[in-house]
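Accompanying notes for the structure given below.
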Amino acid sequence: MRLKKLAIINYKNIKEATLELSPNINCLIGSNGMGKTNILDAVYYLSFCKSHSSVADSQIIRHDEEFFMLDGIYEDDKGNEEQIYCGMKRGTRKHFKRNKKEYKRLSQHIGLIPLIIVSPGDTVMIDGGSECRRRFMDVVIAQCQPEYMDALTRYGTALQQRNALLKMEDEPDVALLELWEEEMAREGERIYTFRDDFIERLTPLFRQIYCRTSGNHETVGLKYVSHCQRGPLLDVIRRDRHKDRAVGYSLHGVHRDDLEMTIDGYPLRREGSQGQAKTFVIAMKLAQFDFLRKTSSNTTPLLLLDDIFDKLDTSRVEQIVKLVAGNQFGQIFITDTNRDHLDEILRHTTLDHKIFHVTEGKVS
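Per the numbering used here, residue 84 is the first one in the sequence shown, and the count goes up by one each step.
Here is the structure:
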């Protein structure tokens, strides 16, 4: 998939911009706070129906304006054109359209335009809670397995209902409690199967990319940890129901899954340097790209690289530059404050490219 043309109105600090894009490499240069990342965020929004920064839709609208609008013209790997539109007036719900036809459910859109974004905030996967690592898995699986989103939704509903019963002052209806536990177990085991398969297939791709970018100096690993590995999930959930009742929420289930990250056999969070942690995350994201490219039908994902070279030594920057400048990727968007990094990427490639300068929300 490639984005041929992007129109933006009142999106964050971008008042109005229209970008005719290269099918290969698009570089956005500017100082911090000028709006480079907001342009990438607009591209992300058209894939996921929400901002990458997780802000509410009402906060996306430019200050003192009443609406925002995004319009993208895409072309898939077979040459088919798609128009994706999103618009929202302040105080109303957003409208998301594919070829001028509005979606009934936004989840129907997820996966049409597969996308991977690498950004400075990704290190939260290492430093943050387990929900950050679950989101890492969920974002990719949902793009290539539409039924995965349905399973997540049903599991989330069952979990919410069970927790509401657990919080009751009076004793909850046991039959109703068991009903929601059965739903949690059924959908939870489906989710586990998807996640387990994903990590098993992702790990060799990840190790290969990390090895290349680090100069083969460290050995890295990923290990998926889930309550499903303790036996039938329904038994695990019911085993400690009295403890759940005491705390007022569900202590067991796939909503507690985690992903252990190691370097040379030790926890990355404890042992890794800033450069190693950033290399680890970049390698994971590029492995996600490779995974999607091999599993998504008829299209190559978009790759968004937001200020990825900070805190990396020269040798790691050089390896990532060579990797990104190759022809194994489709359309790439790169932001940086340092023109030297972008010139180095362009020097290593014969691919078509465009350079955009972003200053105070204006693009040239």
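We put the beta carbon where it would ideally sit given N, CA and C, even for glycine.
Treat the numbers as computed from the prediction; the structure is a model and nothing was measured.
Cβ-Cβ distance between residue i and residue j below 8 Å
i: V223; j: Q371; result: yes
i: G113; j: H436; result: no
i: V364; j: D341; result: no
i: L369; j: L198; result: no
i: L249; j: G331; result: yes
i: V407; j: I346; result: no
i: M344; j: I200; result: no
i: I438; j: C132; result: no
i: D140; j: M171; result: yes
i: D323; j: H335; result: yes
i: R216; j: E158; result: no
i: I193; j: R173; result: no
i: S202; j: D389; result: yes
i: A360; j: I292; result: no
i: V138; j: L387; result: no
i: T420; j: N107; result: no
i: F281; j: M220; result: yes
i: I156; j: I122; result: no
i: F374; j: R284; result: yes
i: D214; j: R237; result: The residue asked about is misnamed: residue 214 is Glu in this sequence, not Asp. No, these two residues do not count as a Cβ contact at 8 Å.
i: L102; j: V404; result: no
i: T382; j: D160; result: yes
i: I196; j: S105; result: no
Endpoints, alpha helix (DSSP H) assigned at residue i
i: T286; result: 257–297
i: D210; result: 207–210
i: Q359; result: 357–378
i: L189; result: From DSSP, L189 is part of no alpha helix (DSSP H); its letter is neither H nor E.
i: L316; result: 316–322
i: G170; result: Counting along the chain, G170 falls outside any alpha helix (DSSP H), though it belongs to the beta strand (DSSP E) covering 164–172.
i: L334; result: Premise fails: L334 is in no alpha helix (DSSP H) and is neither H nor E.
i: K405; result: 397–407
i: E254; result: Note, E254: premise wrong, no alpha helix (DSSP H); not H, not E.
i: D426; result: 422–430
Three-state class that DSSP yields for residue i in the structure shown
i: D124; result: helix
i: D159; result: coil
i: A90; result: strand
i: A100; result: strand
i: I415; result: strand
i: R181; result: strand
i: V138; result: coil
i: I196; result: coil
i: F392; result: coil
i: P203; result: helix
i: M152; result: strand
i: K445; result: strand
i: R353; result: helix
i: R176; result: coil
i: R85; result: strand
Residue i CB to nearest heavy atom of the ligand GTP below 7 Å
i: I193; result: As for the ligand GTP, it is missing from this structure, which has no ligand bound.
The beta strand (DSSP E) enclosing residue i, as first and last residue numbers
i: G304; result: 303–308
i: K437; result: 436–442
i: M344; result: 341–346
i: N246; result: That residue, N246, is in no beta strand (DSSP E); its alpha helix (DSSP H) goes 229–249.
i: L111; result: 108–112
Residue-level contact to chain D via CB, residue i, 8 Å cutoff
i: R181; result: As a matter of chain content, chain D is missing from the structure shown, which is built from one protein chain.
Taking contact to mean at least 3 C-beta pairs separated by less than 8 Å, is the stretch 315–322 in contact with the stretch 398–410?
Between the stretch 315–322 and the stretch 398–410 there are fewer than three inter-stretch CB-CB distances shorter than 8 Å, so the stretches are not counted as touching.
Touch check for the stretch 141–157 and the stretch 93–109: three-plus C-beta pairs under 8 Å?
Segments in contact, yes.
Pairs of beta-carbons, one from the stretch 209–227 and one from the stretch 251–269, closer than 8 Å: are there three or more?
These segments do not touch.
The stretch 271–284 contacting the stretch 293–311, beta-carbon criterion three pairs below 8 Å
Yes: at least three Cβ pairs fall under 8 Å.
Is it the case that the stretch 172–190 contacts the stretch 241–248, given that we only count it when at least three CB pairs across the two stretches are under 8 Å?
The stretch 241–248 is not in contact with the stretch 172–190.
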